[in-house]
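The next block holds one structure in the form of structure tokens; read it before the comments.
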Amino acid sequence: MPWDLKSDRPIYTQLIEQIELRIFSGQYPPGAKLPSVRDLAQDASVNPNTMQRA
37 MPWDLKSDRP
47 IYTQLIEQIE
57 LRIFSGQYPP
67 GAKLPSVRDL
77 AQDASVNPNT
87 MQRA
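Read left to right, the sequence shown gives residues 37 to 90 (our numbering).
As structure tokens, this is what we get:
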């Protein structure tokens, strides 16, 4: 599932929603560890500090 980030809202709030969607869809199973901040940031093409804020 590609990261779909729009410019109308802060990126970190969009990242929160995208991560929640990935959990609800089963891409990240509930209770399992999420990928590292660095890996998530690289996958979403955002700065690791932005991903950390999310």
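Just so it is clear, CB atoms sit at the ideal spot from N, CA and C, and this is done for glycine as well.
Same chain, Cβ closer than 8 Å to residue i, five either side skipped, listed in chain order
i: residue 86; result: 47, 48, 51 and 77
i: residue 80; result: 39, 41, 51, 54 and 87
i: residue 70; result: 55, 64 and 76
Cβ-based neighbour list, residue i, same chain, cut-off 7 Å, excluding 5 preceding and 5 following
i: residue 73; result: 84, 87 and 88
i: residue 59; result: 66
Beta-carbon contacts of residue i that lie in its chain and below 6 Å, excluding the five residues immediately before and after
i: residue 90; result: 48, 51 and 52
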